[in-house]
Amino acid sequence: MNNTIMLIPIGYNVGLTTISLGLINSIKKKNNDFIFFKPFTIKKNKKTSSSTTLIIKKNKLCTTINSIVINKITDLKTKKNFSNFMEIIYKKYRNHKTEKKTFLIEGVEENENLDNINIVLNLKIANEIKANIIFVTDLKKNNSNYIKEKIDYINNIIQSNTTMKVQGLIINKINYPNSIVNIINNNKIKKIKLNTLIPKIHNLSICKNISFIPWNVKLFSISLKKLCSILHIKVFNIKNINITPISSIMILDNEKITLNCAHKKNTLFIIDLKRKININNLCEQLNKSIVLLVNANKKHNLYVKNYYYKKFDTNPSFLYSEINVSKLVFQLVNLNFKKINLNNICIENIKKYISTYLHNMIHINNIKKNKTLPLNYSAIEFKYFLTKMCSSLNKTILYTEGEEEKIIQSANICTQQNIASCILLGDPNKIYKTASKMHILINKKIKIINPNFIREKYINHLIRLRKHKGMNLEKASYDIKNNMVLSTLMLEQNEIDGIVAGIKQTTANTLIPPFQLIRTNKEKSLISSIFFMLFRKKVLIFADCAINISPNEYQLAEIAIQSANTAKKFKITPIIAMISYSTGNSGKGRSVEIIKKSIQIVKKSHPSLIIEGPIQYDAAINYKIGKIKIPHSLVSGKATIFIFPDLNTGNTVYKAVQQSNNIISIGPIIQGLKKPVNDLSRGSSIQDIVYTTAITAIQSYLN
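The sequence shown begins at 1 in full-length UniProt numbering and counts up by one.
Below is the structure:
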């Protein structure tokens, strides 16, 4: 059950903070175990926290998670930066996520100059954490074309992202004034009527769960003292300047003023002294108001003091400014509501007001125990699962090729992320020289062992293990010079928990020593390999792509069973597709017959396993194609394990899929040994090595 809601703003300055406050108020009534998370903010000067996060922290409304701070959003355009960024966000989210907790995620608002990069990022974050999305937009204009464009844009997003879960749409700031300034010119501002707007929006929108929130000017005000400070206004005769709230400002450009306007509370009236306006008449009407006289030079100031101040005493109250009215209006228009300091009372009022319009947006799931669903990892979920599990295991993993650049970098990352206690096997001088060349400071927790200093103590043990094969002192003294043999002996004697090797050597050179010295975990077993293929939305297992050249039906069945067991250990539901050039009974030949026989062997020994074949790759991975080729298949489009008929096919397909999809492939992961030894592809990236290390540590624990 997913109790995660993500607000995704559509447009600029849509009032996201007020919506978050309203939702917090609504959600806490149903679930007090609640967390707010703004995934990232863009650094502005010294400010590193979002306004919403600061308000929530200051008022202790709920638990918050610190945002990631980035310098500029365009930094995330590179694949590497974006991948790292998404992993950090997911890790922050999952480290706090439990079944009972409700999450409110606040997306980042659009920037008028960024071509919707923010929307793309918000949607990707929502997709990775499987959040229920609530879109938030505004209607600041009473214009049919404007309204239609807004709704069409949101409809297009929903139609283009069919897998996302849309919980609702919030239309905020209906009849928003854009600033606290209203220019009075005897023309009333035309307002949107809700009774005509609501049916119009419902007819246009794909999303039918919609909340409409009218702008409420009473919720926002600024103290007169604060306003005077910002605009450098001078004060004559106001006693309660600290607590006098201003919620709107009116500029008077003639003497005609309605009685309704004259008695408007919390309003500041601006009069331009350069205009030919009878101030006496206006002041009579604005008896209990606050009047700001603009373009007030020293002569005006003295006149005001000597005449108006005496005549009207404190009704109205007078302010004056020497700057011209156009400059003052510009400053006022740019006095955004976000810049107004919200006090506790104001925040409480906002929460209550907004939440009254959001009752249809809150769907908190009831947690049902003892209900398990097959896991379908995304790539980012699987990587998190690996690193999270490793952090509590404290396994020691040895890198046989410890002098290699990628190995040194990977060991550093694994140590920093607490994936494993790492040992580099190699000449310390060469290792430090390589690290220095790459400007890497080797973590102090990493152990470096010079193999030349320890070889001799393992010779006798090697002789004992291989005595039945004619091993003697001379042969053992020669074989021990092979670092793979040395590493395997260390593993056999439980000095380490696993080995990662192969970045510079062949699979045969990596696996022959473990096969001879550690052996398989049962008699007549074989060693096989798998690759974890990390697609964006799922993780698949490919086997065997590295070891068995042309397996017979018994070997192919064993590979399928081993792969299914590995899948279960890593919480992947095993659904096995036996890959061939033909599907069902469409083809004949030796390889097809081997597949059919291997399936019979698997079903006889493991009847609960879901396994089908022969089946073509496209039918196994694509549900629509599979439905045409095998209508009643349990595997087509759902396969999580792909067993290839031979090494030629498996190795070719895994590399083609990896390169064409630009995905991480972790492996080859070795199956069948008593203790974990994993072989790296010679083209392995640092990421591949890090996650191979994690899997090796987990294998050690599970074995």
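From the three backbone atoms N, C-alpha and C, an ideal C-beta is built for every residue, glycine too.
On the CB-based measure, 16 or more other CB atoms within 10 Å of its CB, does residue i come out buried or exposed?
i: ASP152; result: exposed
i: residue 706; result: Only positions 1 to 703 of the chain appear in this structure, which leaves residue 706 out of reach.
i: TYR93; result: buried
i: SER685; result: exposed
i: MET361; result: buried
i: THR41; result: buried
i: TYR146; result: exposed
i: LEU54; result: exposed
i: PRO39; result: buried
i: LEU23; result: buried
i: GLN416; result: exposed
i: LYS406; result: buried
i: ILE8; result: buried
i: ALA697; result: buried
Would you mind reading off the limits of the alpha helix (DSSP H) that contains residue i?
i: TYR654; result: 647-661
i: ASP688; result: 686-702
i: CYS228; result: 224-231
i: SER211; result: From DSSP, SER211 is part of no alpha helix (DSSP H) but of the beta strand (DSSP E) over 210-214.
i: ASN203; result: 194-204
i: LEU104; result: Element bounds for LEU104: not the alpha helix (DSSP H) but the beta strand (DSSP E), 102-106.
i: MET471; result: Run containing MET471: none; DSSP gives neither H nor E here.
i: GLN505; result: That residue, GLN505, is in no alpha helix (DSSP H); it is neither H nor E in DSSP.
i: residue 705; result: Lying outside 1 to 703, the shown extent of the chain, residue 705 is not represented and no answer is given.
i: ASN9; result: Checking the sequence, you will find Pro at residue 9 rather than Asn. Note, PRO9: premise wrong, no alpha helix (DSSP H); beta strand (DSSP E) at 4-9.
i: LYS58; result: 51-59
i: VAL14; result: Where VAL14 is concerned, there is no enclosing alpha helix (DSSP H), given that its DSSP letter is neither H nor E.
i: ASN349; result: 344-355
i: CYS422; result: Premise fails: CYS422 lies in the beta strand (DSSP E), 421-425, not in any alpha helix (DSSP H).
i: MET484; result: 483-492
i: LYS150; result: 144-160
i: ASN429; result: 428-437
i: VAL120; result: 117-128
Alpha carbon to alpha carbon, how far is residue j from residue i? Give it in angstroms, no decimals.
i: ALA564; j: ILE621; result: 17 Å
i: PHE515; j: LEU673; result: 7 Å
i: SER665; j: SER410; result: 16 Å
i: TYR377; j: LEU227; result: 54 Å
i: LEU540; j: SER550; result: 22 Å
i: ASN187; j: THR52; result: Note that ASN187 has pLDDT 39, beneath the 50 cutoff, so the model's placement of it is unreliable and the number below is only indicative. Each residue's alpha carbon lies about 36 Å from the other.
i: ASP679; j: GLN671; result: 11 Å
i: LYS629; j: THR583; result: 7 Å
i: residue 706; j: LYS395; result: This structure does not reach residue 706, given that the chain is present from 1 up to 703, and the question cannot be answered.
i: ILE210; j: CYS414; result: 47 Å
i: ASN155; j: ASP272; result: 47 Å
i: ILE512; j: GLU492; result: 14 Å
i: PHE135; j: ASN429; result: 57 Å
i: ILE448; j: LYS433; result: 13 Å
i: ILE230; j: SER326; result: 16 Å
i: SER636; j: ASN118; result: 37 Å
i: ILE345; j: ASN59; result: 11 Å
i: LEU123; j: ASN203; result: 25 Å
i: ILE442; j: ILE408; result: 8 Å
i: THR372; j: THR573; result: Residue confidence is low: THR372 scores 38 on pLDDT, short of 50, so the model does not pin down where it sits. Its coordinate-derived value is still stated next. Near 12 Å, if we compare the C-alpha coordinates of THR573 and THR372.
i: LEU393; j: THR693; result: 13 Å
i: THR162; j: LEU634; result: 24 Å
i: ASP544; j: SER580; result: 13 Å
i: ASN487; j: LYS675; result: The question names Asn, yet the displayed sequence has Ser at residue 487. If you take the alpha carbons of SER487 and LYS675, they lie about 12 Å apart.
i: SER355; j: MET164; result: 25 Å
i: GLU404; j: LYS444; result: 18 Å
i: THR640; j: ILE615; result: 13 Å
i: GLY613; j: ASN662; result: 28 Å
i: ASN548; j: ILE689; result: 23 Å
i: LYS522; j: GLU558; result: 12 Å
i: residue 756; j: LYS383; result: Because the chain is modelled from 1 through 703, residue 756 falls outside the range shown and cannot be assessed.
For my contact list, residue i and residue j are in at a C-beta cut-off of 8 Å; report their separation, rounded to the angstrom.
i: PRO668; j: ILE463; result: Contact flag wrong, Cβ pair sits at about 30 Å.
i: LYS569; j: LEU702; result: 5 Å
i: THR566; j: ALA501; result: 19 Å between Cβ atoms; not a contact.
Any heavy atom of the ligand GDP closer than 8 Å to the Cβ of residue i?
i: ASN25; result: Because no ligand of any kind appears in the structure shown, any question about the ligand GDP cannot be addressed here.
May I ask which residues mark the beginning and end of the beta strand (DSSP E) holding residue i?
i: GLU665; result: Correcting the residue identity first, residue 665 is Ser in this sequence and not Glu. Unbroken beta strand (DSSP E) run through SER665: 664-671.
i: THR396; result: 396-399
i: THR267; result: 267-272
i: SER528; result: 528-534
i: LYS173; result: 165-174
i: THR520; result: Per DSSP, THR520 belongs to no beta strand (DSSP E) and is neither H nor E.
* To do: Let me know the alpha helix (DSSP H) ranges lying completely inside the stretch 541-623, each 4 residues or longer, listed in chain order.
  => The stretch 541-623 is shown to contain whole alpha helix (DSSP H) runs of 4 or more residues at 553-569, 590-605, 617-621, in chain order.
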